[in-house]
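Here's the structure, in structure tokens; my notes come after.
Residue numbers (the working numbering): 22 to 133.
Laid out in structure tokens, this is it:
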């Protein structure tokens with residue numbers, strides 16, 4: 022399992038990855054915003070470069086997401102489309118994070 026800490030400005034942000042076959046599970050804890058997005062972007066980019074077929078983002082510990090986080094999800098989905106029916110899936114959404122995805126119109130794109 023690989024682990025990446027976010028920027029020092031947000032000590033609570035944490036990204037952990039685990040690969041099983043062609044699926045990369047990325048577990049995120051904390052707030053996903055401008056300061057912390059690079060840590061998640063690095064994990065996603067590494068998974069894409071490794072040729073995984075699916076990225077599962079476990080958002081059980083994700084407490085906040087802003088437009089940078091939304092943009093990251095959409096970019097990952099666009100880069101991964103064609104590899105699987107649901108190439109990027111966000112699971113275990115907190116109600117406030119789900120609401121942001123609904124308002125942005127991508128909740129059906131990234132949830133099963």
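Note that the Cβ used here is the ideal one computed from N, Cα and C, for glycine as well.
Quickly, what does DSSP pair residue i with across the bridge? List them, please.
i           : result
residue 112 : 79
residue 104 : For residue 104, which the question treats as bridged, DSSP gives no partner whatsoever.
Which same chain residues end up closer than 7 angstroms to residue i when comparing Cβ atoms and leaving out the 5 residues on each side of it in sequence?
i           : result
residue 130 : 98
residue 128 : 119 and 122
CB residue i to CB residue j, shorter than 8 angstroms?
i           : j          : result
residue 51  : residue 35 : yes
residue 57  : residue 79 : no
residue 48  : residue 63 : no
residue 119 : residue 75 : no
Leaving out five residues on either side along the sequence, give the residues of the same chain with a beta carbon under 6 angstroms from the beta carbon of residue i.
i          : result
residue 65 : 97
residue 69 : 100
residue 81 : 113
residue 3  : Nothing can be reported for residue 3, as the shown portion of the chain is limited to 22 through 133.
Between residue i and the rest of its own chain, which residues show a CB-CB distance below 8 angstroms, the 5 nearest in sequence each way excluded?
i           : result
residue 53  : 34, 61, 83, 85, 86, 87, 89, 90 and 93
residue 110 : 75, 76, 77, 78, 131, 132 and 133
residue 28  : Confidence at residue 28 is low in this model, with a pLDDT of 42, below 50, so the placement of that residue should be treated as unreliable; the coordinate-derived value is given next. Closer than 8 angstroms at the Cβ level, and outside the excluded window around residue 28, lie 34, 56, 57, 59 and 60.
residue 44  : 73, 74, 75, 76 and 77
residue 31  : Caution applies to residue 31, whose pLDDT of 48 falls short of 50 and renders its modelled position unreliable; the value that the coordinates give is listed next. Only 51, 52, 54, 56 and 57 meet the Cβ criterion.
Under the criterion of a Cβ to heavy atom distance below 7 angstroms, does residue i qualify as lining the ligand FMN?
i          : result
residue 80 : The ligand FMN is absent from the structure shown, which contains no ligand whatsoever.
>> If we require 4 or more residues per run, which alpha helix (DSSP H) segments fall completely within the segment 44–102?
In response: Segments of the alpha helix (DSSP H) lying fully in the segment 44–102: 58–70 and 88–101.
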